[in-house]
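Residue numbers (UniProt numbering), protein chains in the order written: chain R, 1 to 216; chain C, 1 to 216. Report on the following structure.
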């Protein structure tokens, strides 16, 4: 596809390195998938996982709208992490620190069972590292009941913006306090189900807590 | 506008009370605005503020794409808060707790200066409560240089989904640990600019920290 021309209008906050895209994507778990249905915007928040040059998304095969998106419609995945409220000397100059990514492309359903199993393992592993080894393998029925889609990452079809730092300098000194209010996501202590009460928290869950999530 | 027909397909996680929409919107500061440009999805993360039955969005009048969106194109604002990773007895049943909202409509630019000033005051007040009283009033030039748009909230043109609780019951007992990993956003101690070092943190900033942000 051709990226909308707006994608090429890069401002000072734009980042051009592919590694910066990966960093923004890998810091989050949830994004907004957008497509066009009957000329109208159609959006749904989804868990996503980057796997090399593709982004994996999954859902029930019963989800009608997802099926539409999977059928080759143009799509965009948007991810944003809010890192701070930036308090300037004026409301006009106040701002926010953030990291955002938008990946444009066409979603392609992964139709073969083996490809789907591999993709679902990647998804599971990204969300709960090593969880696959702690539970029974996915059954053929489970693999069949899950729709997995991939959005390939192509050069020139993504946009990353990052704002960091404090507020800009005022034109003339004011008495107003200026600075930032940092925001971050914390993963709290895992809460067991009643049936797992007292059991040790498994490695996959401990690793999820350790890695944290930086999306706000 | 007519909401896409998918908006009416409500599952068990859907919430129908307007107060639930307001709660999801008010818990966050940043969302994804989606529209359609030349038949393609076009998306941008934005700060937003709910003000009664309208959602306010703002940006520079120089932002070309924002101008397009403001010119009556159909739009959708998506907000999602990720509250927990839900660890089930199988990867298939693992899930996430979240609160999400999508508001469909048409963005309308607020063109008159007084309406824009009122709207910008609402935006400032929602992000930094009472900040207006701590800084000089917005100048006419600043009001003129800011584009403010409103997206009206109409019944039947929004969608809220909420998942809470733990994983579902397995069909038969397994040895796997199950439970949730709670995620939440924290606002850390405000960090002053060098020029405000040692000065007391103003009430607006303290209130921002106190209220917190629940969007992840």
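Ideal placement from N, C-alpha and C gives every residue a C-beta, glycine not left out. All values reported here derive from a predicted model rather than from experimental measurement.
- By the Cβ rule, the stretch 154 to 164 of chain R does not count as touching the stretch 108 to 117 of chain R, because fewer than three pairs are nearer than 8 Å.
- Taking C-beta separations shorter than 6 Å and ignoring five residues to either side along the sequence, the partners of residue 201 (chain C) in its chain run 190, following chain order.
- Residue 188 (chain R) and residue 172 (chain R) have their C-alpha atoms roughly 44 Å apart.
- Within the stretch 32 to 64 of chain R, contact with chain C at the beta-carbon level (separation under 8 Å) is assigned to 32, 34, 35, 36, 37, 38, 39, 40, 41, 42, 43, 44, 45, 47, 64.
- Contact with chain C is found for residue 134 (chain R), since one of that chain's Cβ atoms lies less than 7 Å from the residue's Cβ.
- The alpha-carbon of residue 82 (chain C) is positioned some 11 Å away from that of residue 181 (chain C).
- Residue 179 (chain C) reaches chain R at 190, 191, 192, 193, 196, counting residues in chain order whose Cβ is nearer than 7 Å.
- Rounded to the nearest angstrom, the gap between the Cα atoms of residue 133 (chain C) and residue 164 (chain R) is 26 Å.
- Under the three-state reduction of DSSP output, residue 124 (chain R) falls in the helix class.
- Of the residues R:110, R:149, R:97, R:118, the one whose Cα lies closest to the Cα of residue 75 (chain R) is R:149.
- Under the Cβ criterion of 7 Å, residue 164 (chain C) is not counted among the residues facing chain R.
- Against residue 29 (chain C), the close residues of chain R are 82, 85, 96, in the order they occur along the chain (beta-carbon pairs closer than 8 Å).
- If you keep only unbroken alpha helix (DSSP H) runs of at least 4 residues inside the stretch 185 to 215 of chain R, you get 203 to 211.
- Between residue 24 (chain C) and residue 101 (chain C) the beta-carbon gap is near 4 Å, inside 8 Å, which marks them as a contact.
- Nearest Cα to residue 141 (chain C) within the set R:91, R:199, R:16: R:91.
- Residue 106 (chain R) has a beta carbon lying at 7 Å or more from every beta carbon in chain C.
- Residue 117 (chain C) carries a helical assignment under DSSP once its states are collapsed to helix, strand and coil.
- Among the CB atoms of chain R, one or more fall inside 7 Å of the CB of residue 78 (chain C).
- Residue state for residue 84 (chain C) is assigned as strand, using DSSP reduced to three classes.
- Apart from sequence neighbours up to five positions away, the residues of its chain that approach residue 126 (chain R) with a beta-carbon distance below 7 Å are 49, ordered along the chain.
- If you draw a straight line from the Cα of residue 53 (chain R) to the Cα of residue 152 (chain R), it comes to about 6 Å.
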